[in-house]
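**Student:**
Protein chains: 2
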Amino acid sequence: MSSEVNATHITGDPDFVRIVEVGPRDGLQNESKLLSVEQKVHLIKGLIDAGVSYIEAGSFVSPKWAPQMASSAEVIQQLPERKDVVYAALTPNLKGMEAALQTQVNEVAVFTAASEAFNQRNINCSIQESIERFQPVFALAQERNIPVRGYVSCVLGCPYEGRIEISQVLKTTKLLLEAGCYEVSLGDTIGVGSTHQVANLLKALLSEIQSDRLAVHFHDTYGQALANIDTALNLGIRTVDASVAGLGGCPYAKGASGNVATEDVVYMLHGNGLKTNIDLNRLAMVGNEISALLARNNGSKAGLALSQAQSSQ
Amino acid sequence: MSSEVNATHITGDPDFVRIVEVGPRDGLQNESKLLSVEQKVHLIKGLIDAGVSYIEAGSFVSPKWAPQMASSAEVIQQLPERKDVVYAALTPNLKGMEAALQTQVNEVAVFTAASEAFNQRNINCSIQESIERFQPVFALAQERNIPVRGYVSCVLGCPYEGRIEISQVLKTTKLLLEAGCYEVSLGDTIGVGSTHQVANLLKALLSEIQSDRLAVHFHDTYGQALANIDTALNLGIRTVDASVAGLGGCPYAKGASGNVATEDVVYMLHGNGLKTNIDLNRLAMVGNEISALLARNNGSKAGLALSQAQSSQ
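Protein chains in written order, with the working numbering: chain D, 1 to 313; chain W, 1001 to 1313.
1. Between W:K1171, W:G1246 and W:L1094, which lies nearest to Q1142 of chain W when the distance is taken from Cα to Cα?
2. Could you check whether the Cβ of L79 of chain D sits closer than 8 Å to any Cβ belonging to chain W?
3. Within 10 angstroms of the Cβ of R1149 of chain W, are there 16 or more other Cβ atoms? Answer buried if so, exposed if not.
4. Starting from the N-terminal side, write out each stretch of the beta strand (DSSP E) that is 3 residues or longer and does not extend beyond the stretch 231-271 of chain D.
5. I'd like to check one pair, Q1104 of chain W with I1146 of chain W: are the Cβ atoms closer than 8 Å?
6. Could you tell me which residues DSSP puts in a beta bridge with G157 of chain D?
7. Within its chain, find whatever has a CB closer than 7 Å to the CB of K301 of chain D; leave out the 5 residues flanking it on each side and keep chain order.
8. Between the alpha carbons of G1248 of chain W and G271 of chain D, how many angstroms are there, rounded?
9. Could you say which of D:Y222, D:S71, D:L90 and D:A66 lies nearest to I55 of chain D if we only look at CA atoms?
10. In whole angstroms, give me the CA-to-CA distance for L1176 of chain W and V192 of chain D.
11. Taking the continuous alpha helix (DSSP H) assigned at A199 of chain D, which residues delimit it?
12. Flag this pair as yes or no: are the beta carbons of V1017 of chain W and K1275 of chain W separated by less than 8 Å?
13. Taking Cβ-Cβ distances below 7 Å as the criterion, which residues of the stretch 1148-1168 of chain W are in contact with chain D?
14. According to DSSP, is D1015 of chain W part of a helix, a strand, or is it coil?
15. Measuring only between beta-carbons, confirm whether T8 of chain D sits less than 8 Å from chain W.
16. Under 8 Å between beta-carbons, which chain D residues line up against H1196 of chain W? List them in chain order, please.
17. Can we say the stretch 1213-1229 of chain W touches the stretch 1178-1190 of chain W, given the rule of at least three CB pairs closer than 8 Å?
18. List the residues of chain D that L1201 of chain W touches, going by C-beta distances under 7 Å, in chain order.
19. Between Y267 of chain D and T221 of chain D, what straight-line distance do the alpha-carbon atoms span, to the nearest angstrom?
20. Quick one: give me the first and last residue of the alpha helix (DSSP H) that T112 of chain D is part of.
21. Roughly how many angstroms separate the alpha carbons of E1074 of chain W and Q1102 of chain W, rounded to a whole number?
22. Could you give the first and the last residue of the continuous beta strand (DSSP E) run that contains G46 of chain D?
23. Please report the straight-line C-alpha distance between Q1224 of chain W and A139 of chain D, rounded to a whole angstrom.
24. How big is the Cα-Cα spacing for R1213 of chain W and A1261 of chain W?
25. Can you tell me whether A292 of chain D is buried or exposed? The criterion is at least 16 other CB atoms within 10 Å of its CB, across all chains shown.
26. Using C-beta distances below 7 Å, list every residue in its chain close to T1195 of chain W, excluding the 5 sequence neighbours before and after it, in chain order.
27. To the nearest angstrom, how far is it from the Cα of D84 of chain D to the Cα of C1250 of chain W?
28. Looking only at C-alpha atoms, which of D:L294, D:V169 and D:Q197 sits nearest to P24 of chain D?
29. Rounded to whole angstroms, how far is the Cβ of N1288 of chain W from the Cβ of G1303 of chain W, which I believe are closer than 8 Å?
30. With distances taken Cα to Cα, identify the nearest neighbour of S307 of chain D among W:T1112, W:D1241 and W:S1257.
31. By how many angstroms is the C-alpha of I190 of chain D removed from the C-alpha of F111 of chain D?
32. Got a sec, what are the start and stop residues for the alpha helix (DSSP H) L1294 of chain W sits in?
33. For E107 of chain D, count neighbouring Cβ atoms within 10 angstroms of its own Cβ and tell me buried if that reaches 16, exposed if not.
34. Taking the DSSP output, what are the residues bridged to F218 of chain D?
35. Where does N1006 of chain W sit, in a helix, a strand or coil, going by DSSP?
36. The stretch 1244-1269 of chain W: which residues have C-beta closer than 9 Å to a C-beta of chain D, in chain order?
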């Protein structure tokens, strides 16, 4: 783990919130319109210019599985060399990890779900087996000194199983941390959670896990994401996943919202006196531009309001 | 004040949240497409069927000022007689109040702003003078035993003045309560506030005013409304203004969001174990229907997600 990577993560400033920008990967992967390599590079450069310092830039998976990600290696190779920016990529297996290491990727991520039904249905194995399958990724990461981030999906509900026990989330999170993840991002994949559930889940996890080893990844499918993030912040969480312009949508409800918009998160953080190093007006411009390029509505309310304010000046 | 009106307000149950549905007035007033009397009556009946028990149904102001409200008397006269539903109307002066009392209206509302600049610009008088002008309304309301609700706008920011001092909001709220309002609804008219500001404001007000005399009316212009409402609920507020499908938009930023969507609020409340007596699936159907009628996007994320879930069943 390079000291630069750590620099944004562990600032020691309790008022600093680390934003993990997932738009270029988790976001675009769920957008139907395919972008060119140049368009994706332009998006990521815009994010960096706005002050975003952690970008999930691609995914090294089969192109069949995520067509939008087929150009990840090309995209990442064309990004500026920046010591102060993390370029992360999803690497579900050794082949993906090896491909990622041929690029500028300086952090990788693996993922599983807190739901046995979700894992069985999506990758045909148990939670425990899914993590065992990552062993070659963890081994190579350790050898190359590459930090591994873990994602746990379905932490507040599963499209197949419904309610998920807190004990199940705790077990899955600990397995990932023990396997070698430096941090686990807790995903409300279908956006069903509300604030009291978030508080109950996090209090249970925080009784056994340090707050700087947890991140939140909340979807806005039912409009709850920002309230849920505020709850997490109040409990000491300082890493928040978000997607510029709310890129991504919800694969489980066509037309519904998915990822929370980074602009809305940053608006709240700054309004509350928290720091991100992000220039919100610039970020809003990036969100407007990518929304126009994808011919979709801008999923960020703050982004829309700020661009209206700017255009009326 | 009739006992029926009180019934929903003071249930004595700390888990009950009173929803003040402002869509048919505050919402429609800011929608450009004019609806017929029949369409408005249909909307309000749908809300009642979904369990909504407090509806701001119209406004008795000059039709020049609010063309969508010109039919308020006709609309309210065609509503079902329901002892368990409050039909409220905005009555800024004695003429409006007298007209309202010719209808089924059983509660009225007056409004001012916590910003001197906003009042000067909108109604050409000071805050103090604006409240003095309501004296004939308060006098008639007392004579007829009609509860008067007060609105204070711009409590977290003003489009002309910018930041608003908490002391100014406190002063304005107390003036309205002393003048005869049973409750004051605190409006973040331009939706600029975030959770820490909400907490600071409410803590100051609650040190001098009982929580059951305050309501919150938060706009979602920057996506902050639900997080702000959650903050208010955590501080003991139990009355929340909201607008089905987020009807209304923001008059200060075209294309931006205004009123928070009732469906999203109710989703959060029910998810947190709070009660409203509202059937969320039915409410979501009303929101979809009125959005289609106005040829606008549904402003409720929960409404969109629920209707997708229903249509895919």
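For each residue, glycine too, the CB sits at the ideal point set by N, CA and C. Here the structure is a predicted model, which is why all the values come from computation and not from measurement.
**Tutor:** With the structure as the only source:
1. In the second sequence, the residue the question calls residue 1142 of chain W occupies position 142. Here the closest residue by C-alpha is W:L1094.
2. On the first sequence, position 79 is the one that residue 79 of chain D refers to. It does not; no Cβ of chain W falls within 8 Å.
3. Residue numbering aside, residue 1149 of chain W sits at position 149 when the second sequence is read from its first letter. Answer is buried; the Cβ neighbour count reaches 16.
4. 239-242
5. Position 146 of the second sequence, counted from the first residue, corresponds to residue 1146 of chain W. Position 104 of the second sequence, counted from the first residue, corresponds to residue 1104 of chain W. No, they are not a contact pair.
6. For the purposes of this step, residue 157 of chain D is taken as residue 157 along the first sequence, with counting starting at 1. BP columns for G157 of chain D are empty, so no partner.
7. As a first step, residue 301 of chain D is located in the first sequence; it is residue number 301 there, counting from the start. Here the set comprises D264.
8. Reading the second sequence from its first residue, position 248 is the one you call residue 1248 of chain W. Reading the first sequence from its first residue, position 271 is the one you call residue 271 of chain D. Taking the straight line from one Cα to the other gives about 24 Å.
9. The count along the first sequence starts at 1 and reaches residue 55 of chain D at position 55. It is D:L90.
10. Residue 1176 of chain W sits at position 176 when you count from the first residue of the second sequence. Residue 192 of chain D sits at position 192 when you count from the first residue of the first sequence. Whole-angstrom Cα-Cα distance: 39 Å.
11. Within the first sequence, residue 199 of chain D is the residue found at index 199, counting from 1. Run containing A199 of chain D: T195 to L206, per the alpha helix (DSSP H) assignment.
12. Along the second sequence, one-based indexing puts residue 1017 of chain W at 17. Along the second sequence, one-based indexing puts residue 1275 of chain W at 275. Yes, the Cβ-Cβ distance between V1017 of chain W and K1275 of chain W is below 8 Å.
13. none
14. Taking the second sequence and counting its residues from 1, one reaches residue 1015 of chain W at position 15. In this structure, D1015 of chain W counts as coil in the three-state DSSP scheme.
15. What you label residue 8 of chain D is simply residue 8 of the first sequence in a count that begins at 1. Summary for T8 of chain D: the model assigns pLDDT 42, below 50, so the residue's position carries little reliability; its value from the coordinates is reported in the next sentence. Not an interface residue.
16. Your numbering for residue 1196 of chain W matches position 196 in the second sequence. Within chain D, the residues near H1196 of chain W are G271, N272 and G273.
17. yes
18. Stepping through the second sequence from its first residue, residue 1201 of chain W is reached at position 201. Within 7 Å Cβ-Cβ: nothing; L1201 of chain W doesn't reach chain D, min ~13 Å.
19. Counting from 1 along the first sequence, the entry for residue 267 of chain D is found at position 267. Counting from 1 along the first sequence, the entry for residue 221 of chain D is found at position 221. Rounded to whole angstroms, Y267 of chain D to T221 of chain D spans 19 Å at the Cα level.
20. Taking the first residue of the first sequence as 1, we reach residue 112 of chain D at position 112. No alpha helix (DSSP H) contains T112 of chain D, which is instead part of the beta strand (DSSP E) from E107 to A113.
21. On the second sequence, residue 1074 of chain W is found 74 positions in, with the first residue counted as 1. On the second sequence, residue 1102 of chain W is found 102 positions in, with the first residue counted as 1. So the two alpha carbons sit approximately 11 Å from each other.
22. Numbered from its first residue, the first sequence carries residue 46 of chain D at position 46. G46 of chain D -> not in any beta strand (DSSP E); alpha helix (DSSP H) instead, spanning V37 to D49.
23. Taking the second sequence and counting its residues from 1, the one referred to as residue 1224 of chain W is at position 224. Taking the first sequence and counting its residues from 1, the one referred to as residue 139 of chain D is at position 139. Each residue's alpha carbon lies about 43 Å from the other.
24. Indexing the second sequence from 1 puts residue 1213 of chain W at position 213. Indexing the second sequence from 1 puts residue 1261 of chain W at position 261. Between R1213 of chain W and A1261 of chain W, the C-alpha separation is close to 23 Å.
25. Here residue 292 of chain D corresponds to residue number 292 of the first sequence, with the count starting at 1. So A292 of chain D ends up on the exposed side.
26. As a position in the second sequence, residue 1195 of chain W is number 195, starting the count at 1. Result list for T1195 of chain W: A1227, N1228 and T1231, in chain order.
27. Indexing the first sequence from 1 puts residue 84 of chain D at position 84. Indexing the second sequence from 1 puts residue 1250 of chain W at position 250. One C-alpha to the other measures close to 39 Å.
28. As a first step, residue 24 of chain D must be located in the first sequence, where it is residue number 24. When each option's Cα is compared against that of P24 of chain D, the closest is D:L294.
29. Numbered from its first residue, the second sequence carries residue 1288 of chain W at position 288. Numbered from its first residue, the second sequence carries residue 1303 of chain W at position 303. Yes, they are in contact, since the Cβ atoms of N1288 of chain W and G1303 of chain W sit about 6 Å apart, within 8 Å.
30. Numbered from its first residue, the first sequence carries residue 307 of chain D at position 307. Nearest C-alpha to S307 of chain D: W:S1257.
31. The sequence position of residue 111 of chain D within the first sequence is 111, counting from 1. The sequence position of residue 190 of chain D within the first sequence is 190, counting from 1. Near 16 Å, if we compare the C-alpha coordinates of I190 of chain D and F111 of chain D.
32. Against the second sequence, residue 1294 of chain W aligns to sequence position 294. Here L1294 of chain W belongs to no alpha helix (DSSP H), and DSSP marks it neither H nor E.
33. Residue numbering aside, residue 107 of chain D sits at position 107 when the first sequence is read from its first letter. The residue in question, E107 of chain D, is buried, as its Cβ has 16 or more Cβ neighbours within 10 Å.
34. Translated into positions along the first sequence, residue 218 of chain D becomes position 218. In DSSP, F218 of chain D forms a bridge with D:D188.
35. As a first step, residue 1006 of chain W is located in the second sequence; it is residue number 6 there, counting from the start. Because the pLDDT at N1006 of chain W is just 38, under 50, the model does not fix this residue reliably, and the point stays unresolved.
36. C1250, Y1252, A1253, K1254, G1255, A1256, S1257, V1260, A1261, E1263, D1264, V1265, Y1267, M1268 and L1269
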